[in-house]
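Residue numbering for the sequence shown follows my numbering, beginning at 4 and increasing consecutively. The beta carbon of each residue, even a glycine, is placed where N, CA and C say it ideally should be. Given the structure is predicted, the values throughout are model-derived calculations rather than measurements.
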Amino acid sequence: MSTPFQIVILGSGSAYPGKQRHHTAQFLIIGRDRLLLDCGEGTQFRMVEEGVWAPHRILITHAHGDHFLGLPGLLLSLASDYPGRPLQIYAPASLYEEFGFLFRSWWAGLSLDLPIVRHVVPTDRPTLIFQSRFARVWAFPVEHSIPTVGYWFCEHKAPWKLLPDQLEALQIPPALRHPLQWGKPVQIHNQKIDPSMVGVPAPPPRTYAYITDTRALSCTHLPPFLKNVDVLYHEATYAQTDAHLAHHHYHSTTQDAARIAQQCNARLLLIGHASSRYAHLNPLVNEARKIFPNTFFAEEGLRISIEETQILVQTRDKTTIATIPRTYATPPSAQNEQKKEKDR
Ligand SMILES: [Zn+2]
């Protein structure tokens with residue numbers, strides 16, 4: 004059983020308030036990491052409704068109000084819940100420059116004990132912003148009306164599963180097993196031992212990409228690490244017929260999002276940030292599905308779990324609405340071993 008890797012949708016509306024639609028926010032659980040992605044107004048109430056709380060880190064994409072105005076209330080609550088516990092915040096410099104009062108005078112005046120560690124996220128190049136015990140996280144620039152980033156989350160690689168019979172047969176001493184576990188060949192009695200001769204690789208690390216508020220990106224803008232991403236969240240503020248508005252307001256259409264998912268060879272696409280002008284979401288999803296069939300709207304309360312062998316899309320009450328197999332290439336030698344194990 005793998006560690007959890009789950010996305011909980013807290014808000015999927017765009018800037019203007021809409022019925023049943025909150026401003027952008029998502030909660031991401033990777034192992035024991037609890038991350039909040041963006042924090043629009045009302046996010047703390049949405050977190051309580053969805054049963055998620057106490058993020059270790061908050062990642063903000065840009066300094067537009069619908070992506071961060073939930074911070075004051077949430078920080079106040081966290082200060083009273085966890086006094087003295089440092090909170091890491093990652094955001095482009097403009098958030099601290101233009102809205103520094105959120106982190107300085109207002110805060111100091113309340114004499115609250117919440118040490119905020121501010122990290123400035125570069126907006127001009129892909130950057131590794133942190134690594135935890137469970138994952139590493141990169142930020143990368145997107146194309147919006149102000150400096151804005153997307154984020155990419157990748158769990159750490161798991162070791163190969165070494166097969167005792169093969170180790171025994173080839174007389175691999177314990178000291179040489181560690182490099183093999185990490186996919187490195189070793190030399191023994193003048194023979195090169197490839198990891199595939201004695202083990203089975205772990206499934207590729209699970210990944211998630213979060214791209215909100217951007218014009219359609221060209222493939223030359225996409226950082227290479229997005230290739231084969233398991234789940235891509237991409238804004239789709241506008242329907243395809245309103246493509247001129249999307250371009251004018253530095254946003255994307257449903258089919259822009261679908262094309263990016265296709266270029267990334269994603270397994271699943273979540274679209275969101277839909278303009279409040281659209282009363283119904285199904286037509287937006289159907290437009291994207293013409294290009295990328297595995298598309299879902301990031302409706303509030305949706306949970307997406309990336310497991311080793313499948314991706315589950317579930318409602319708040321755990322009803323599964325889609326299961327997408329997480330297939331990956333396995334070296335032929337490992338396939339033989341897996342078959343042998345099955346036959347046993
Ligand atoms: Zn924006």
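For Pro328, the enclosing beta strand (DSSP E) covers residues Thr323 to Pro328.
In this structure, Glu310 is the residue among Leu131, Lys187, Arg49 and Glu310 with its C-alpha nearest to the C-alpha of Gln9. Among the bridge pairs identified by DSSP, Ser308 is matched with Gln9 and Leu315. Pairing Ala212 with Leu235 gives a Cβ-Cβ distance under 8 angstroms. Between Ala138 and Thr130, the gap from beta carbon to beta carbon reaches 8 angstroms or more. Between ligand 1 and the CB of Asp116, the shortest heavy atom gap is not smaller than 7 angstroms. Taken from the Cβ of Asp216, at least one heavy atom of ligand 1 lies inside 7 angstroms. Your pair Glu53 and Val11 checks out as a contact, with CB atoms roughly 5 angstroms apart and the cut at 8 angstroms. In the DSSP assignment, His122 is bridged to Tyr93.
Counting other Cβ atoms within 10 Å of its Cβ, Ile32 reaches 16 or more and is therefore classed as buried. Ile307 and Gln313 have their C-alpha atoms roughly 11 angstroms apart. Here Ser15 has Arg24, His25, Thr27, Gly275, His276, Ala277, Phe300, Ala301, Glu302 and Glu303 as same chain residues with Cβ atoms under 8 angstroms from its own Cβ, once five neighbours each way along the sequence are excluded.
Between the segment 84-102 and the segment 51-68, the count of C-beta pairs closer than 8 angstroms reaches three or more; the two stretches touch. Taking 8 angstroms as the cut-off, the Cβ atoms of Leu72 and Leu117 do not count as close. For Thr46, the enclosing alpha helix (DSSP H) covers residues Thr46 to Glu53.
Taken from the Cβ of His181, every heavy atom of ligand 1 lies 7 angstroms or farther away.
Checking the 7 angstroms criterion, the Cβ of His283 is out of range of every heavy atom belonging to ligand 1. A Cβ-Cβ distance of about 7 angstroms is found for the pair Thr151 and Thr217, placing them in contact under the 8 angstroms criterion. Secondary structure within the segment 160-228: the alpha helix (DSSP H) runs of 4 or more consecutive residues, fully enclosed, are 167-172, 180-184 and 198-201 (chain order). Counting only the Cα atoms, Pro144 lies some 6 angstroms from Arg128.
Contact check for Cys157 and Pro208: beta-carbon distance about 5 angstroms, within the 8 angstroms limit, so the pair qualifies. For Ala18, the secondary structure class from DSSP, reduced to helix, strand or coil, is coil. Judged by DSSP secondary structure, His237 falls within the beta strand (DSSP E) whose first and last residues are Val234 to Glu238. When only Cα atoms are considered, Leu115 and Ala291 end up about 46 angstroms apart. Within the segment 231-296, the runs of beta strand (DSSP E) that reach at least 3 residues and sit entirely inside it are, in chain order, 234-238 and 271-275. Here the segment 316-324 makes no contact with the segment 56-63; the two share fewer than three CB pairs at distances below 8 angstroms. Around the beta-carbon of Gly202, 16 or more other beta-carbon atoms lie within 10 Å, marking it buried. The beta carbon of Ala246 sits closer than 6 angstroms to those of Thr256, all from its chain and outside the five residues before and after it, given in chain order.
Contact between Phe133 and Val140 is confirmed by a C-beta separation of about 6 angstroms, below the 8 angstroms threshold.
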